[in-house]
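Colleague:
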Amino acid sequence: MNIDQANRTAVERMMSARPMLTGLAKALDVLPGMRENLILHAGPPIEWERMSGPLRGAVIGALIFEGLAKDEAEAVALVERGEVDFEPCHHHSAVGPMAGVTSASMMVYVVEDSTHGGRSFSNLNEGYGKVLRYGAFSDEVIRKLRWMNGTMAPALAQAVGDGIDLKALLSEALHMGDEGHNRNKAGSLLFLKQLAPRLSDPDVLRFLGDNPLSVLNPVMAACKAMADAAHGIEGSTIVSTMARNGTDFGIRVSGLGGRWFTAPATPPDGLYFPGFSSADANPDIGDSTITETAGIGAFAMAAAPAIVTFIGGTPQDAVHATLEMYEITAAEHDHFTIPALGFRGTPVGIDLRKVVELGITPRVNTGIAHKKAGVGQVGAGLVRPPMEVFEEALVAFAERYGFDEKEA
Amino acid sequence: MSLVTRCAVRAGSYHDSVVLMQLQRALAGLPGVMDAGVVMATPVNRELLAAGGLEVGEAGPDDLLVSVKAESEAAAAEALSRVDALLKVRGAESMGRGAESMGKFRPRSLASALKQLPEARWVSISIPGRYASAVAEEALDAGRNVFLYSDNVPIDREVALKRKAREKGLLVMGPDCGTAVLGGVGFGFANRVRRGDIGLVGASGTGLQAIMSHIHKLGGGISQAIGTGGRDLSAEVGGMTAIQGLDLLRRDPETRVIVLVAKPPAPEVARHLLALARSAGKPVVVHFLGAPLPGRRLGNVSFAATLSEAAELAVQLGDSPEAGDPIEGPVHGLFSGGTLAYEAMHGLSAFLSPEEYNILDLGADEFTVGRLHPMIDLDLRIRKLRQEAGGIVLLDVVLGEGAHADPAGELAPVISEIDATVVVIVIGTDEDPQGLAVQIETLEKAGARVFRTVSEAMEWIFLHRKSTEENLLPVSIQGPVINIGLETFHASLLAQGASSVQVDWRPPAGGNEKLAGILARMKG
Chain W
19 MNIDQANRTA VERMMSARPM LTGLAKALDV LPGMRENLIL HAGPPIEWER
69 MSGPLRGAVI GALIFEGLAK DEAEAVALVE RGEVDFEPCH HHSAVGPMAG
119 VTSASMMVYV VEDSTHGGRS FSNLNEGYGK VLRYGAFSDE VIRKLRWMNG
169 TMAPALAQAV GDGIDLKALL SEALHMGDEG HNRNKAGSLL FLKQLAPRLS
219 DPDVLRFLGD NPLSVLNPVM AACKAMADAA HGIEGSTIVS TMARNGTDFG
269 IRVSGLGGRW FTAPATPPDG LYFPGFSSAD ANPDIGDSTI TETAGIGAFA
319 MAAAPAIVTF IGGTPQDAVH ATLEMYEITA AEHDHFTIPA LGFRGTPVGI
369 DLRKVVELGI TPRVNTGIAH KKAGVGQVGA GLVRPPMEVF EEALVAFAER
419 YGFDEKEA
Chain C
2 MSLVTRCAVR AGSYHDSVVL MQLQRALAGL PGVMDAGVVM ATPVNRELLA
52 AGGLEVGEAG PDDLLVSVKA ESEAAAAEAL SRVDALLKVR GAESMGRGAE
102 SMGKFRPRSL ASALKQLPEA RWVSISIPGR YASAVAEEAL DAGRNVFLYS
152 DNVPIDREVA LKRKAREKGL LVMGPDCGTA VLGGVGFGFA NRVRRGDIGL
202 VGASGTGLQA IMSHIHKLGG GISQAIGTGG RDLSAEVGGM TAIQGLDLLR
252 RDPETRVIVL VAKPPAPEVA RHLLALARSA GKPVVVHFLG APLPGRRLGN
302 VSFAATLSEA AELAVQLGDS PEAGDPIEGP VHGLFSGGTL AYEAMHGLSA
352 FLSPEEYNIL DLGADEFTVG RLHPMIDLDL RIRKLRQEAG GIVLLDVVLG
402 EGAHADPAGE LAPVISEIDA TVVVIVIGTD EDPQGLAVQI ETLEKAGARV
452 FRTVSEAMEW IFLHRKSTEE NLLPVSIQGP VINIGLETFH ASLLAQGASS
502 VQVDWRPPAG GNEKLAGILA RMKG
């Protein structure tokens, strides 16, 4: 078996995927395996008892939003009676930032890979402030969700028209100072530019324009489509999922099927908003690491000098961050390029072997959630997955493909 | 203890929010400061600060608002007084750090170092021996030559690496190679020596250093110094690197004299090396430390008894009065003696490509139909000499009974007339009727180089003939370096003006042997 060849196939598929935003639909109608009592969450599987504050808060909010509970107490009781199922977004072709909580009647973006035919999904971005994805579930939060679901989503569905090429949008945004994870200012404006001609509601236009993260969720679904195209290649050591649920950090590997390798998530190292400190930080949370998995985000840091202060302070640090990621990736991206590096392709396709051999874990740019439900974002910074998940995956790969010691 | 809150406003001063967060962190870290907020004074931000018990003052969205909560009035005042300085320091710091770190990314793997310095021809390896051979192999697979300083590399690995190198036309110097000078750049431990025409091959690092330093002291200079590693001349390794090194120096146009230094090699390896040295076409000085000398000189090979004598001989041979302008062009042989022609052709064919020489035996049947043998009749040779303008012409003059009475006298006018380097081999004795001394003198006066044996003539030609081919060397003997291991080697390469990229190398899988084993098997 030729691992390098398998990896080339996987990364080739990742790079050639062409995610198109084709519409919006109700989760229950489009997510494979979606059910009314199922709550999807970010990261690897987790049971209620081990969920962190922000994830619990988001679950409570979703149950209220769905009308399954009228307040926190009812929601908790419902969960404790075992009437609510929890599964990762990733098990249903979906991704969501931070808590990632997605329930049956929520509207989701539908992204289709026009090269390989896969579909992927993501919920809608609520902007900054008090939001469900950080575990807030006050009336105000639920009201906003209802407006997004009932007013904004249908407008967007209509405005998407023949579809929006998210890969082209991302390539352009990388040349405008975005890295696609922590900075989506340019991409969000490009997104608005494409939608605006078919939008008439000033509230929707203002909401999208005011939210520098509006394109994050479609971008994540696009990255999910790219990563899924690389998944399931026999003999490939390419990492096809990285995700956190606020308690555990998990990865999956292309050649190792659906198996998760998990270890406790650590709090990010970053800068904090006024009044907060690392003591307030929740362990790392969210599916947004799908961006790094697909070769953008922290991997494209050299493209986003405006946010370098999160990782050390100088544009050169940003360049070094990207250079470091070339060490552990299988290829340079054909489509996502970095002007500051002479338009070199972004590092893409994390190779499990290189991570373990060199002792370099992937860099992840991330927002930092308050550990208490509903407080919201308290900062932003850098986090790295625990090395154990890669080591365990390598051992599992060796067992699965006969590279373990008894073979020798 | 009661806390004091104070704030300051910088009107119309826009800063990126990240800059502000850093400033806030710096302020909160000052002695006596409990909390700090630094924001653009938008209504939302002011609310946030107020909710945290910080003072918000009078400020608008375009103003910078700095607010601190401190243990004392003095601490608060002190913190606020530092704001502008901190903002300035930050700017200067980031500029300085940006410039300093420019291009200084330390790759962690050979693969990415090669992306950074694709023109690198050499990989210098000085990591612990048990990891070294895997890295050396990776370098060879990437088509790079290896300077392998590391020791404790098993001998079977050494043999495997050197075989692979030989197949790929690459060189592995080492393991346990302390010294090399390639294209004027010292690798590992190396003295600064002037460049020159003496090339060295050595299985002894300090031996090479001693000889090079002495050559330098005597006014000579070094073309290349190739280390082989201490075990290269053992029977197991068979002198693979030394053989490649001799071959390289033999064909290196910058090298006029070769020095071979080693502890006594295995006998069969010694035989092989000496045979190679004999056919080098250049003077070779051999010093096998502590071994009895087989003689002082065998043909072009001289034997030295000590390191310093090796240096002295090399410098003398390099300075030999024969050194003059280089000669060039193809070699045309016009022989009267068949065996002499054959010996010359044999010698030339070892070093020149077939297009570069043409040897005619004018005594062969095809030339003697209807005319006298060329030892008696020089007409055909004279006619051909006139035709062969340019290049190098090789003639034999055979004296003795039965031969022409004055061959030199007949050849001399033509030799002085034509525009070619003429080399003559005179065969005869001082009792021959033509007069040996007179014949030689006549030829030399006409401008010919005269020798008494074919091999001496060959040696002179090889020594003086300028190569028509550039890049004769099968391996690039110089060029930028990837340094993996001792950082002092990297620093010294840079100090010598060479390009070098230092790899921030660490043991695979952080030294976890189980994982490293799996990774090695996966590379298979």
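Keeping their order, the protein sequence lines are chains W and C.
Counting in this note's numbering, the first sequence runs from 19 upward without gaps.
Counting in this note's numbering, the second sequence runs from 2 upward without gaps.
Virtual Cβ for every residue (Gly too), placed ideally from N, Cα, C.
Here the structure is a predicted model, which is why all the values come from computation and not from measurement.
List the residues of chain W that C/Phe-289 touches, going by C-beta distances under 9 Å, in chain order.
Modeller: Per Cβ cutoff of 9 Å: no residues; C/Phe-289 is ~43 Å from chain W at best.
Colleague: W/Ala-416 versus chain C: which residues are under 7 Å apart at the beta carbon?
Modeller: Per Cβ cutoff of 7 Å: Ile-519.
Colleague: Considering only residues of the stretch 38-71 of chain C, which uninterrupted alpha helix (DSSP H) runs meet the minimum length of 4 residues and lie entirely inside it, listed in chain order?
Modeller: Counting only runs of 4 or more, we get 44-52.
Colleague: Under the rule that 16 or more other beta-carbon atoms within 10 Å means buried, what is W/Arg-53, buried or exposed?
Modeller: Answer is exposed; the Cβ neighbour count stays below 16.
Colleague: State yes or no: is the beta carbon of C/Ser-102 nearer than 8 Å to at least one beta carbon in chain W?
Modeller: For C/Ser-102, the predicted structure reports a pLDDT of 39, less than 50, and the residue's modelled location is therefore unreliable. The matter cannot be settled from this model.
Colleague: Need the endpoints of the beta strand (DSSP E) that C/Ser-235 sits in, please.
Modeller: From DSSP, C/Ser-235 is part of no beta strand (DSSP E); its letter is neither H nor E.
Colleague: Under 8 Å, Cβ to Cβ, is there at least one residue of chain C near W/Glu-425?
Modeller: Any reading at W/Glu-425 must be qualified, since the residue scores a pLDDT of 45, below 50, and its modelled position is unreliable; no value is offered.
Colleague: Does DSSP put C/Cys-178 in a helix, a strand or coil?
Modeller: In the structure shown, C/Cys-178 sits in coil (DSSP, three-state: anything other than H, G, I, E or B).
Colleague: At a cut of 8 Å, does the stretch 274-284 of chain W reach the stretch 122-129 of chain W through at least three beta carbon pairs?
Modeller: Too few Cβ pairs lie closer than 8 Å, so no.
Colleague: Confirm, please, whether the CB-CB distance from C/Asp-36 to C/Gly-58 is below 8 Å.
Modeller: For C/Gly-58 and C/Asp-36, no; Cβs fall outside 8 Å.
Colleague: Closer than 7 Å by C-beta to W/Asp-298: which residues in its own chain qualify, once you throw out the five before and the five after it? Chain order, please.
Modeller: Taken in chain order, the residues that qualify are His-388, Lys-389 and Val-396.
Colleague: Residues of chain C with CB under 7 Å from W/Phe-421, in chain order?
Modeller: Neighbours of W/Phe-421 on chain C, chain order: Ile-519, Arg-522 and Met-523.
Colleague: Which value, in whole angstroms, describes the spacing of the CA atoms of C/Tyr-150 and C/Thr-489?
Modeller: Cα-Cα distance, rounded: 13 Å.
Colleague: For the alpha helix (DSSP H) holding C/Glu-139, just list the boundary residues, first then last.
Modeller: Counting along the chain, the alpha helix (DSSP H) containing C/Glu-139 begins and ends at 130-142.
Colleague: Hey, is W/Met-343's beta-carbon within less than 8 Å of any beta-carbon in chain C?
Modeller: False, the Cβ-Cβ gap to chain C never drops below 8 Å.
Colleague: Please give the ranges of any beta strand (DSSP E) in the stretch 163-210 of chain C, keeping only runs that are unbroken, at least 3 residues long and fully inside the region.
Modeller: Counting only runs of 3 or more, we get 180-183, 186-189 and 196-203.
Colleague: Pick helix, strand or coil for C/Ser-102, following the three-state DSSP scheme.
Modeller: Caution applies to C/Ser-102, whose pLDDT of 39 falls short of 50 and renders its modelled position unreliable; the model cannot decide the point.
Colleague: Answer yes or no: do W/Phe-104 and W/Ile-160 have a C-beta to C-beta separation smaller than 8 Å?
Modeller: It is not a contact, given that the beta carbons lie outside the stated cut-off.
Colleague: Would you check if the distance between the CB atom of C/Asn-146 and the CB atom of C/Arg-122 is smaller than 8 Å?
Modeller: It is a contact, given that the beta carbons lie within the stated cut-off.
Colleague: With 16 other CB atoms within 10 Å as the buried threshold, where does C/His-405 fall?
Modeller: It is buried - the Cβ of C/His-405 has at least 16 other Cβ atoms within 10 Å.
Colleague: Going by DSSP, which residues form a beta bridge with W/Lys-44?
Modeller: Answer by DSSP bridge pairing, in chain order: W/Met-125.
Colleague: Just the C-alpha distance for C/Gln-440 and C/Cys-178, rounded to the nearest angstrom, thanks.
Modeller: One C-alpha to the other measures close to 53 Å.
Colleague: Going by DSSP, what residues sit across from W/His-59 in a beta bridge?
Modeller: BP columns for W/His-59 point to W/Pro-106.
Colleague: For W/Gly-198 and C/Ala-161, what's the separation of their Cα atoms in angstroms?
Modeller: Each residue's alpha carbon lies about 48 Å from the other.
Colleague: In whole angstroms, what separates the C-alpha of C/Thr-443 from that of C/Gly-334?
Modeller: Near 20 Å, if we compare the C-alpha coordinates of C/Gly-334 and C/Thr-443.
Colleague: Locate the alpha helix (DSSP H) running through W/Glu-417, then write down its first and last residues.
Modeller: Its alpha helix (DSSP H) spans residues 405-419.
Colleague: Using Cβ-Cβ distances below 7 Å, what residues of the stretch 42-67 of chain C are close to chain W?
Modeller: Here the close residues are Leu-49, Leu-50 and Gly-53.
Colleague: Go through its chain and collect everything with a Cβ distance to W/Thr-169's Cβ below 8 Å, but skip five positions before and after it.
Modeller: Same-chain partners within the cutoff: Asp-219, Asp-221 and Val-222.
Colleague: Using 8 Å as the Cβ pair cut-off and three pairs as the minimum, do the stretch 124-134 of chain C and the stretch 359-378 of chain W touch?
Modeller: Not touching, per the Cβ criterion.
Colleague: For C/Gly-526 and C/Leu-50, what's the separation of their Cα atoms in angstroms?
Modeller: In the structure displayed, chain C extends from 2 to 525; residue 526 of chain C sits before or after that span and is not available.
Colleague: Assuming C/Val-502 contacts C/Pro-108 under a Cβ cut-off of 8 Å, what Cβ separation, rounded to an integer in Å, is found between them?
Modeller: Yes, C/Val-502 and C/Pro-108 are in contact; Cβ-Cβ is about 7 Å, under 8 Å.
Colleague: Just how far apart, CA to CA, sit C/Val-202 and C/Gly-338?
Modeller: Taking the straight line joining both Cα atoms gives about 38 Å.
Colleague: Enumerate in chain order the residues of its own chain whose CB-to-CB distance from C/Lys-165 is below 6 Å, with the five nearest sequence positions on each side excluded.
Modeller: Same-chain partners within the cutoff: Leu-141.
Colleague: Taking 7 Å as the limit between beta carbons, can you name the residues of its chain near W/Ala-479, skipping five residues before and five after?
Modeller: Since the first residue of chain W shown is 19 and the last is 426, residue 479 of chain W is not available in this structure.
Colleague: What did DSSP end up calling W/Ala-98 once you bin it into helix, strand or coil?
Modeller: Correcting the residue type first, residue 98 of chain W is Glu in the shown sequence and not Ala. W/Glu-98 falls in the helix class under three-state DSSP.
Colleague: Quick one: any contact between the stretch 166-175 of chain C and the stretch 211-218 of chain C, if contact means 3 or more CB pairs under 8 Å?
Modeller: Cβ pair count under 8 Å is below three, so no.
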